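Enquirer: What follows is a single structure, and I will ask about it in a moment.
Protein chains: 2
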Amino acid sequence: MARKTGSHAEITGPAIREAALRLFARSGYAAVSMREIASEVGVRAGALYLYTPDKQTLLFDLMREHLETLLAAWRMAKVEGAPPERLENFVRFHVDFHLERRDAVFLAYMELRNLSEDNFAVIEELRRAYEEELEDILEAGRATGDFEVADARVTTMALIAMLTGGHVWYRSGGRLSRDAIQKIYWDLTRRMVTK
Amino acid sequence: MARKTGSHAEITGPAIREAALRLFARSGYAAVSMREIASEVGVRAGALYLYTPDKQTLLFDLMREHLETLLAAWRMAKVEGAPPERLENFVRFHVDFHLERRDAVFLAYMELRNLSEDNFAVIEELRRAYEEELEDILEAGRATGDFEVADARVTTMALIAMLTGGHVWYRSGGRLSRDAIQKIYWDLTRRMVTK
DNA sequence: GTCTATATCCGGATAGAC
DNA sequence: GTCTATCCGGATATAGAC
């Protein structure tokens, strides 16, 4: 396995993705140049095109990976049981996952407009699949009588907005521990779906 | 009051703001060019600079006007009374106002990153003042015993996120009337703050 | 695998004619 | 008040040397 001088594929590839994620989240996709990303990584702009066909695909791959990771993690974390336990599990998982990945979460919400039509469709389908997991729990709880939910779709979107939006602009400086935040959000959620 | 040939200040000024608002909301500030805005209005790019010193100020003015209108409208709409009535009034006002102005709402949430430091401070102060109106209601309800709120700040942000975020991605195609949406959100809110 | 150099185009903003 | 013309910088993406 000879390797050419100056090859750093194993380092540069991930470094590009990390830099792009951070910069896109901070300044917005359209406001970040390929030169800026390259500079952050320590290479020249042209070198980026060894790892991505273009800027649009770089954005798309970051968003798709985020959502695929989210869905995979959820499949690992989800539990069987009565709807209230399933819902608490979802809330804690969601809050935890999203607190851990602020940049990716931000990107996935803010940059939908900058996706090409085809890429947008893929991302939306992944997002919809995730939201459906929550909606299913609400419907199940309605069926068992554990929950009282007037409109499962609206409640799903309201919950996702609350659980996600809350800590996007939450300064996690340390006033509240992760567990405390989880607990507050679970408490709010529990009340929302029970009479 | 003689007027020069080709003058259309009364038309062009508002038209520029409307076009900029729509385009910024749709594609994002950084992705929209002054030429694009001008083209939408039916003038050349240079003419825009008769109405704004630069692109940044155009964005800032749109956001500031939105938030000042929001605060002024709230001061007109707010009622005295017991905390539960005050809260219901806030929720219905908020949902109604935000359903009416999707583009401006979207802009005010998405383009904070593209404001200069000074402009950002102004916008944040206006937003904080609005959020404080809600927080005050929650605190008042806690004092009277009408509400049970573990953390007024987190609950405020959770509520704002829920009430605003919900219909950003809500297709208002018509399945639910405005009043029905108000009612659902008030119902969710009421449960959240009472035991 | 990365660099330098460059093609090509588009951005914000201004000057001066009408 | 608007247009044409332009300055000047910076954007994405590619070609070819190393």
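Chains as they are written, first to last, in my numbering: chain F, 2 to 196; chain A, 2 to 196. Every residue, glycine too, gets a C-beta built ideally from N, C-alpha and C. Here the structure is a predicted model, which is why all the values come from computation and not from measurement.
Evaluate the contact criterion for the stretch 52-60 of chain A versus the stretch 73-89 of chain A: three or more CB pairs, one atom per stretch, below 8 Å.
Expert: Verdict: no, contact absent.
Enquirer: Determine the direct distance from the alpha carbon of A/Asn115 to that of A/Ala31, and round the result to whole angstroms.
Expert: Their backbone Cα atoms lie some 8 Å apart in a straight line.
Enquirer: For chain F, is any of its Cβ atoms less than 7 Å away from the one on A/Met35?
Expert: A/Met35 does not count as touching chain F.
Enquirer: With distances taken between CB atoms, is the gap from F/Met163 to A/Ala162 smaller than 7 Å?
Expert: It is a contact, given that the beta carbons lie within the stated cut-off.
Enquirer: What in chain F is Cβ-close to A/Asp188, meaning under 8 Å?
Expert: Those within 8 Å of A/Asp188 in chain F are Ala151.
Enquirer: Can you pull the chain F neighbours of A/Gly142, defined as C-beta to C-beta under 8 Å?
Expert: Residues of chain F passing the Cβ test: none, with the nearest at roughly 14 Å.
Enquirer: Please report the straight-line C-alpha distance between F/Thr132 and A/Gly47, rounded to a whole angstrom.
Expert: The sequence shown places Glu at residue 132 of chain F, rather than the Thr named in the question. Each residue's Cα considered, the two are about 46 Å apart.
Enquirer: Pick out whichever of F/Glu89, F/Val123 and F/Asp119 has its Cα sitting closest to the Cα of F/Glu1.
Expert: Nothing can be reported for residue 1 of chain F, as the shown portion of chain F is limited to 2 through 196.
Enquirer: If you follow the alpha helix (DSSP H) that F/Glu125 is part of, which residue opens it and which one closes it?
Expert: Element bounds for F/Glu125: Glu118 to Thr145.
Enquirer: Taking the C-alpha atoms as reference points, what is the distance between F/Ala26 and F/Thr165?
Expert: Those two C-alpha atoms are separated by around 15 Å.
Enquirer: Provide the residue span of the alpha helix (DSSP H) that contains A/Gly47, from first to last.
Expert: That run of the alpha helix (DSSP H) goes Ala46 to Leu49.
Enquirer: Report all residues from its chain with a CB closer than 8 Å to the CB of A/Glu69; omit the five preceding and five following residues, and keep chain order.
Expert: The answer, listed in chain order, is Leu127.
Enquirer: Give me the Cα-Cα distance between F/Thr157 and F/Glu136, rounded to the nearest whole angstrom.
Expert: In a straight line, the C-alpha of F/Thr157 is about 6 Å away from that of F/Glu136.
Enquirer: Are F/Leu24 and F/Val33 close, meaning C-beta to C-beta below 7 Å?
Expert: Yes, these two residues count as a Cβ contact at 7 Å.
Enquirer: Looking at the unbroken alpha helix (DSSP H) that takes in A/Arg76, where does it start and where does it end?
Expert: It spans Lys56 to Ala78 - the alpha helix (DSSP H) in which A/Arg76 sits, taken as one unbroken run.
Enquirer: Buried or exposed for A/Gly29, please, with buried defined as at least 16 other CB atoms from any protein chain shown within 10 angstroms of its CB.
Expert: With 16 or more Cβ atoms within 10 Å of its Cβ, A/Gly29 is classed as buried.
Enquirer: On the CB-based measure, 16 or more other CB atoms within 10 Å of its CB, does A/Tyr52 come out buried or exposed?
Expert: When all chains shown are included, A/Tyr52 counts as buried.
Enquirer: When the Cα atoms are used, what is the spatial distance from A/Ala62 to A/Asn120?
Expert: Residue 62 of chain A is actually Asp in this sequence, not Ala. Rounded to whole angstroms, A/Asp62 to A/Asn120 spans 9 Å at the Cα level.
Enquirer: Give every residue of the same chain whose Cβ lies closer than 6 Å to the Cβ of F/Lys5, excluding the five residues on either side of it in the sequence, and list them in chain order.
Expert: A caution first: F/Lys5 carries a pLDDT of 46, below 50, which makes its placement in the model unreliable, though a value can still be read off. Cβ within range, chain order: n/a, list empty.
Enquirer: What would DSSP say about F/Met2, mapped onto helix, strand or coil?
Expert: Because the pLDDT of F/Met2 is 42, which lies under 50, any placement of that residue in the model is unreliable, and the number read from its coordinates should be weighed accordingly. In the structure shown, F/Met2 sits in coil (DSSP, three-state: anything other than H, G, I, E or B).
Enquirer: Count the other C-beta atoms from every protein chain shown that fall within 10 angstroms of the C-beta of F/Glu112, then say buried if there are 16 or more, exposed otherwise.
Expert: So F/Glu112 counts as buried.
Enquirer: Examine chain A for any beta-carbon lying closer than 7 Å to the beta-carbon of F/Ile124, and answer yes or no.
Expert: F/Ile124 does not count as touching chain A.
Enquirer: Can you list the residues of chain F that A/Gly202 reaches, using a CB-CB cut of under 7 Å?
Expert: Outside the shown range of chain A (2 to 196) lies residue 202 of chain A, about which nothing can therefore be said.
Enquirer: What separation, rounded to the nearest whole angstrom, lies between the Cα atoms of A/Ala105 and A/Arg176?
Expert: Each residue's alpha carbon lies about 23 Å from the other.
Enquirer: Would A/Gly29 count as contacting chain F if we go by Cβ distances under 7 Å?
Expert: For A/Gly29, the answer is yes, since a Cβ of chain F falls inside 7 Å of its Cβ.
Enquirer: For F/Leu160, count the other beta carbons within 10 Å of its own beta carbon; 16 or more makes it buried, fewer makes it exposed. Which is it?
Expert: F/Leu160 should be labelled buried.
Enquirer: At 8 Å on the CB atoms, spell out the chain A contacts of F/Arg114, in chain order.
Expert: Those within 8 Å of F/Arg114 in chain A are Arg27, Ser28, Gly29 and Ala32.
Enquirer: Flag this pair as yes or no: are the beta carbons of A/Arg103 and F/Met193 separated by less than 7 Å?
Expert: Not in contact: A/Arg103 and F/Met193 (Cβ atoms no closer than 7 Å).
Enquirer: At a Cβ threshold of 7 Å, is F/Val42 touching chain A?
Expert: Not one chain A Cβ lies under 7 Å of F/Val42.
Enquirer: Could you tell me if F/Asp147 is buried or exposed, where buried requires 16 or more neighbouring beta carbons within 10 angstroms of its beta carbon?
Expert: By the 10 Å Cβ count, F/Asp147 comes out buried.
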